[in-house]
Amino acid sequence: MEKRKVPFFNYQALFAQHEQEFIGLITDVCRRGAYILQRDLQEFESSLASFIGAKHVIGVADGTNALSIGLLAMGIGAGDEVIVPSHTYIASASSIHSVGAVPVLADCGADHLIDPSSVETLITRKTKAIMPVHLNGRTCTMDPLLVLAAKYGLQIIEDAAQAVGSRYNGQYAGTFGSIGTYSFYPAKILGCFGDGGAVVTNSDVLAEKVAQLHDHGRNKDGLVVCWGTNSRLDNLQAAILSWKLKSLNQTLERRRAIARRYHDGLSVIDDLTLPPAPREPDEKDGHFDVYQNYELESGRRDSLRAYLQEQGIGTLIQWGGRAVHQFKELGFKGSHLPATERLFQRCFMLPMHNALSDADVDYVIECVQGFYKV
Ligand SMILES: *Cc1c(COP(=O)(O)O)cnc(C)c1O
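Just so we're aligned: 299 in the numbering used here is position 318 of the sequence shown, and the numbers increase by one with no gaps anywhere.
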């Protein structure tokens, strides 16, 4: 087997695939001097809204701002608690902290996503909302969470930073709750050339509030009607995102084909726990996963990762290897989340991006098989 390099991610290769188109887009926007709140942004917001079947999309500065502005618009603040999984990026929890509310950390289930039974045990009189996080391009199983929200009168704000295009029972991630949020961080499935994010909602009232909050509290006439901030999505980034959105379905299909290839090659290895395989094309219900990450589990994780590194293959553990409640400096001393703690001794991610060739994927598979001597 010929040795090759398969980096965990490859920004340069992804740019090179469409360099001329990108330069053309940037030149066009700059020649028009169209930088802030311009046509390309409006076009992107409305095409993303129709793609996911939502009424409103508002571009914001990044996925973290999308969450904090969403929480503010929902009226969440001091004295409130919001339940969020501990297996998430710190941004989910810090957005809650930033509006003065308290993030309460839930355990995860076998699918690595928020466990509804853990959520129910954490609900108190102060709980105002649940923040499901659709990690790894998989929409949480929303039914039990929607049942809990209705039973206890809670709102839902979805962190769909990793799940643009993912669906559950035909409905897009980000469109189940009062508010959903996306991130266009460069390594995300729909990534721009810097920071970017969006807020999604079907509510006219929330959309108007978010629009004001992200542009200095100004209304449509430019008059200041509340305190706000500057958190706008650059028009230049929106132009790039609009262009990428046109081929998003192909992007997702390629990721799903890579996941299928990994699944077929690795499911023979007993020590590995793989993410669910992509559902068959004729299946309509259930999960439509888009594989922002290929996060798997191994009982020999650390030696497997070291071996793959020697073979030229980059792997990563999410969040630097720690769930949110394990960052001791943040003061979550009491939390004991057994499923999350076990997962963080076992989980890591294989390369998953749109510059991977089938030969790259096969090389990764052969090396993992080589480690296990299959
Ligand atoms: C990337 C990410 C965010 C935040 O996105 P930024 O655009 O980097 O602010 C939030 N939550 C999750 C789960 C993410 O992966």
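Built from N, CA and C at the ideal position, the CB exists for glycine as well.
Bounds of the beta strand (DSSP E) holding Phe329 are Cys328 to Leu331. Taking the CA atoms as reference points, Asp61 sits about 28 Å from Lys36. Taking non-hydrogen atoms of ligand 1 into account, the C-beta of Phe165 is found less than 8 Å away from one of them.
When DSSP assignments are scanned along the stretch 247 to 311, the uninterrupted stretches of beta strand (DSSP E) that are 3 or more residues long and fall wholly within it turn out to be 275 to 279.
As computed with DSSP, Asp196 is found in a beta bridge with Asn211.
Approximately 10 Å separates the beta-carbon atoms of Arg242 and Asp341; this is outside 8 Å, ruling out the contact. Burial state of His115 is buried, judged by a 10 Å Cβ sphere holding 16 or more other Cβ atoms.
Excluding residues up to 5 positions away in sequence, Asp21, Leu22, Phe25 and Gly40 lie with their Cβ nearer than 7 Å to the Cβ of Ala219 in the same chain. Short note on Gly178: C-beta closer than 8 Å to some heavy atom of ligand 1. Secondary structure in the stretch 129 to 184: the beta strand (DSSP E) runs of 3 residues or longer, each lying completely within the stretch, are 136 to 140, 160 to 164 and 178 to 182 in chain order.
In the DSSP secondary-structure assignment, Pro84 is bridged to Val63. Here the stretch 248 to 262 makes no contact with the stretch 208 to 223; the two share fewer than three CB pairs at distances below 8 Å. Selection Arg281, Gly293, Asn335 and Phe313 evaluated against Tyr353 yields Arg281 as nearest (Cα-Cα). Non-local C-beta neighbours of Pro84 in its own chain, meaning closer than 7 Å and more than five positions away in sequence, comprise Val63, Val65, Ala74, Ile77 and His78, ordered along the chain. Here the stretch -1 to 16 makes no contact with the stretch 122 to 130; the two share fewer than three CB pairs at distances below 8 Å. For Asp43 against Asp176, the beta-carbon gap comes to about 4 Å, under 8 Å, which counts as contact.
Ala110 is bridged by DSSP to Val63 and Gln136.
Taking a C-beta distance under 9 Å as the contact criterion, His93 and Glu276 qualify as a contact pair. If you look at Ile7, you'll find it in the alpha helix (DSSP H) that goes Glu0 to Arg13. In the three-state reduction of the DSSP assignment, Ile95 falls in the strand class, which pools E and B. For ligand 1, no non-hydrogen atom lies closer than 8 Å to the CB of Val181. A heavy atom of ligand 1 is found nearer than 8 Å to the CB of Gln143.
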